[in-house]
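If you read the protein sequences in the order shown, they are chains A and B.
Just so you know, we're using our numbering here: the first sequence kicks off at 6 and counts up by one.
Just so you know, we're using our numbering here: the second sequence kicks off at 5 and counts up by one.
Heads up, the beta-carbon is just placed ideally off N, CA and C, and yes, glycines get one too.
Quick caveat: nothing in here was measured; it's all calculated off a predicted structure.
Okay, so here's the structure we're looking at.
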Amino acid sequence: MAIRALNQAENCMTSAGEVTDEALMAALDGGDDEALGTLVERYQNDVFRFCLHYLKNVEVAKEMAQETFLRIYSARARFEVDRKFKPWMLCIARNLCLNELKRRKTVHMETLEEYASSAREDSGEVMQAPADGPYEQLLTKERHRALLEMLDALAEEAREIVVLRYFQKLSAREIADTIGSTEGAVRTRLHRILKQLRNDFVLSREDM
Amino acid sequence: MITLPERDDRDLALLLDLPDGSAERANAEARLNDDPVFAGRFAELQVVASKLEGLGEALQNEIPPVNLWSDVEDAVCHLNWEGRDGAERPFHNLEQVLESAGQAIDEAMPPVDLVDPVTEAARAARQSDGALDLSFGPLAQSLNALGDSWTEATPEVDLRDSVMGRLAEKKAAVSPSNVVPMRARPVGGASVASPSSGTWMPYVGWAVAAGLCVTAAWMVYQGQTFNDPATNQRTQLPGAEENSGRTVDENSLPMERVVPHDTLAMNEGAGEEGPDVAPHTPDPNQPLTLQEAINARRRSLVNNVAAFEQLASLSADEANRLLQDLDLSDEALLGAAQFLSQEDAAAVLRAAVANDPENESLKYALARSLAGIPDGAGERQAQLEGLLALNKDNALPHYLLAADHMARGDVAAGMNALSEGAAGAEADPYTLARMREREAVLRASGLDADVARYLAVSTAGQAEAADIAALRNELLDYGALYEQQGDLETAQQIYNAVNQLGVQVTDGADMALLQQTGLETQQDAIYALQGIADILQQPENVALLGETLNILAGSIAEVTNYVMAAQDVVNNPQATSTDWQSLIQHILAQGDTDISNLVTP
């Protein structure tokens with residue numbers, strides 16, 4: 006099945022006029038390798054950033070992102086078209102990253118804040134403040150720094166949910182599909198985590 | 005003594021029991037009054053009853069009241085504790101102990117508010133994502149802003165080319181479709197005739213049919229023409245334009261094998277290939293020489309391994325054309341199947357297995373070609389089970405069956421197959437057989453015999469090592485899945501089986517490359533087992549696994565050094581042609597794991 010043919014099928018199109026992910030997967034399963042190329046272009050940065058959250062290393066994250074797409078190719082026949090593609094893709098990426106972390110567990114892992122600091126040095130300014138006045142920028146920067154520290158202090162599973170929700174902008178349903186949980190459980194856990202973060206955040210501001 | 009008529013004793017007694025003023029009593033008395041005899045009796049009874057009641061009252065008045073609590077009451081309640089302080093209070097010490105104990109318990113107990121968290125969490129679970137964010141207003145906004153900043157600051161990547169490139173490599177490992185056009189076989193050189201062609205005749209027809217079908221399909225796909233091979237016309241192959249000027253004598257050659265310029269002449273004169281290798285531009289009209297092949301190998305070691313592997317490969321089209329040669333040897337035919345698409349390879353191998361049903365290597369090759377083919381699962385399972393029936397010592401089919409069962413969701417069958425596999429002696433992917441088949445088909449494609457042997461030996465075990473690595477990764481992924489779901493016991497069983505697979509591959513390896521893959525498989529499984537031991541907080545196991553891992557790492561380093569040393573020797577410019585020929589012959593016969601006696605670094 007060629008992408009061109011998919012473009013003509015109305016039920017394979019998004020509201021933005023693009024071929025849906027699921028239709029691309031069907032095309033890939035039908036032997037159209039270009040469909041994988043389209044998926045790579047569409048999601049390469051999402052997957053890369055997603056891997057970066059786990060691995061904290063740009064090169065390793067790139068490698069895992071590439072591997073994710075190759076695994077998608079290998080598993081194309083097992084993809085169920087009535088399932089959402091993105092959580093399925095991130096689930097593959099997550100498994101790869103967790104395996105990689107397991108392999109490298111003896112290696113010192115940077116915290117998010119450490120990574121942010123080094124990335125700040127590498128690329129100018131990672132945690133860019135919005136275009137407010139200097140005072141507001143400073144406050145935002147401080148708030149971000151405090152938040153990053155608090156995220157680092159969270160348990161791995163808790164941090165993962167926050168990252169998926171606020172960095173990857175996934176819905177509770179999508180997070181549940183990605184980490185193998187239920188929508189209700191994700192919301193409950195997110196609620197508890199946010200409550201804990203809010204308490205910690207208030208305490209840290211009192212200290213400041 | 006009152007004597008009552010027998011009949012009425014019960015009536016009277018019942019009448020006395022009826023409550024005063026009740027309807028029943030009034031009714032009974034009305035009936036009684038109608039019978040003066042009974043009325044009289046009743047009046048007497050009432051008198052008796054009245055007397056008895058009086059007697060009871062008199063008895064109660066005579067017996068003094070008993071109060072068993074009075075003594076305790078006097079001792080405890082009438083002491084007026086409120087009016088006393090400190091040590092004057094009775095049980096003063098006991099009171100102090102109880103008070104301090106109660107205080108300690110109060111302090112130790114964390115404040116508990118079960119109602120709010122539970123109801124809040126339940127409410128949160130029902131809320132939408134937006135509502136949840138709303139209830140945490142500024143915090144959710146900050147986290148969203150932090151995520152946005154993070155996304156903006158993270159450098160963008162462009163992975164398309166690298167992913168598609170790796171995909172092409174991956175596909176080429178199974179069925180190379182864009183490999184080298186054939187290099188010219190020596191003009192006038194005799195074709196490689198099969199000494200036992202008759203054995204294969206029954207399925208050569210199948211092979212030819214498959215070949216023709218694929219060739220026709222390929223031509224349609226490429227939009228190119230294919231001349232009748234009987235006229236020995238050259239086929240217009242992909243990339244032929246780039247290789248223009250490399251044409252061979254079209255009228256004299258049944259096959260041509262043109263080595264791409266960038267493969268043989270890559271980095272010419274760059275000096276990276278060693279001082280002994282002079283910059284060399286091969287003559288495309290001449291057959292590929294052994295020295296050219298060795299030079300290409302040397303360059304590939306420092307540059308591009310894939311380019312060298314192209315030399316040792318055929319395109320699917322080339323393989324198909326070879327299959328049309330009825331004189332093709334048995335081994336060459338199987339070698340050609342290594343380069344066909346999976347479906348075509350399966351067609352060829354299926355016929356081969358039918359002709360020689362007790363050939364293990366054939367069954368394994370057929371099962372391998374059926375992997376991933378739609379509707380091929382049942383046939384693959386049958387071939388793997390048939391292989392097990394032929395050779396119980398080879399555990400590899402068990403692991404392949406396990407992975408297939410797992411993929412179908414039949415966990416019980418998968419775990420059962422894994423445990424059977426783990427109990428086996430060795431895991432053999434028939435590397436030697438495949439190497440010899442490859443040598444045969446490369447010779448049949450027109451390469452010089454020495455070159456074909458060299459190329460086959462130099463690339464031996466790569467496909468098998470890749471297969472083992474893929475199987476290992478798939479099984480480890482299943483283990484990781486169970487680990488994430490908290491089923492540590494199942495995960496541990498899977499990891500243990502993978503570890504055993506590594507041991508078996510290492511033990512049964514003919515090639516050092518497979519030994520290395522077996523050791524790496526053990527390494528990965530031990531990493532995974534360490535993870536579980538960590539979760540279960542088993543420090544002894546973690547330490548033990550760590551020690552095992554160190555030993556394995558040492559073994560991997562040794563094997564790696566061995567492989568490199570062997571390659572150095574094979575590529576040693578000082579080695580005479582007799583040296584490497586004897587070495588290559590030895591490897592073709594026995595593998596490269598015991599060439600120590602022949603290799604003196």
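Residues near residue i by beta carbon distance below 7 angstroms, same chain, minus five either side
i	result
LEU202/A	MET155
SER365/B	TYR434 and ALA437
ASP38/B	none
PRO142/B	none
ILE166/A	ILE180, VAL191, ARG194, LEU195 and ILE198
Beta carbon proximity, residue i to chain B, threshold 8 angstroms
i	result
LYS174/A	yes
LEU33/A	no
VAL45/A	yes
ASP205/A	no
LEU29/A	no
LEU95/A	no
ASP38/A	yes
TYR59/A	no
GLN49/A	yes
GLU15/A	For GLU15/A, the predicted model reports a pLDDT of 48, less than 50, meaning its position is unreliable; a value from the coordinates is still stated below. No, GLU15/A does not count as interfacial toward chain B.
SER24/A	Checking the displayed sequence, the identity of residue 24/A turns out to be Val instead of Ser. By this cut-off, VAL24/A is not an interface position.
PHE55/A	no
VAL167/A	yes
LEU103/A	yes
ARG148/A	yes
LEU199/A	yes
DSSP-derived helix/strand/coil call for residue i
i	result
VAL24/A	strand
LEU556/B	helix
ASN565/B	helix
GLU1/B	There is no way to answer for residue 1/B, as the model of chain B reaches only from 5 to 605.
LEU29/A	helix
ASP334/B	helix
MET515/B	coil
ARG354/B	helix
THR193/A	helix
PHE343/B	coil
GLY25/B	coil
ASP38/A	coil
PHE140/B	coil
ASP38/B	coil
SER186/A	coil
GLY193/B	Low local confidence applies: a pLDDT of 33 at GLY193/B is under 50, so the model's placement there is unreliable, with the coordinate-based value given in what follows. GLY193/B falls in the coil class under three-state DSSP.
ILE599/B	coil
PHE206/A	helix
ALA464/B	coil
ALA316/B	coil
Which residues DSSP lists as bridging residue i, in chain order
i	result
ASN398/B	GLU430/B
CB contact check: residue i to chain A, cutoff 8 angstroms
i	result
ASN503/B	no
GLU424/B	no
SER153/B	yes
HIS522/B	Per the sequence shown, the amino acid found at residue 522/B is Gly instead of His. Judged by the 8 angstroms Cβ criterion, GLY522/B is not in contact with chain A.
ASP331/B	no
LYS174/B	yes
Neighbourhood of residue i by C-beta, 6 angstroms cutoff - its chain only, sequence neighbours within 5 removed
i	result
ALA340/B	ALA323, LEU326, LEU327 and VAL445
ILE472/B	VAL509 and THR521
HIS402/B	ALA421, GLU424 and GLY425
LEU392/B	PRO401
LEU175/A	LEU169
Cutoff 8 angstroms; reference residue i; Cβ partners in own chain excluding five residues on either side
i	result
LEU556/B	LEU523, GLN526, GLN527 and ILE530
ASP34/A	ARG81, ALA82 and PHE84
GLN71/A	none
Interface flag, residue i vs chain E, CB-CB below 8 angstroms
i	result
GLN508/B	Of the protein chains in this structure, namely A and B, none is chain E.
* Listed from N- to C-terminal order along the chain, which residues in the stretch 62 to 77 of chain A have their beta-carbon within a distance smaller than 8 angstroms of any beta-carbon of chain B? -> VAL63, LYS67, ALA70, GLN71, PHE74 and LEU75
* To do: Quick one: which residues of the stretch 145 to 171 of chain B get their C-beta closer than 8 angstroms to a C-beta of chain A? List them in chain order.
  => SER146, LEU147, ASN148, ALA149, LEU150, GLY151, SER153, TRP154, THR155, GLU156, ALA157, THR158, PRO159, GLU160, VAL161, ASP162, LEU163, ARG164, SER166, VAL167, MET168, ARG170 and LEU171
* For the stretch 478 to 493 of chain B, which residues have a CB atom closer than 8 angstroms to at least one CB atom of chain A, in sequence order? -> LEU480, ASP481, ALA484, LEU485, GLN488 and GLN489
* Any residues in the stretch 357 to 381 of chain B with a beta carbon nearer than 9 angstroms to a beta carbon of chain A? Which ones, in chain order? -> GLY376 and PRO378
* Relative to chain B, which residues along the stretch 82 to 93 of chain A have a C-beta separation below 8 angstroms, given in chain order? -> ALA82 and ARG83
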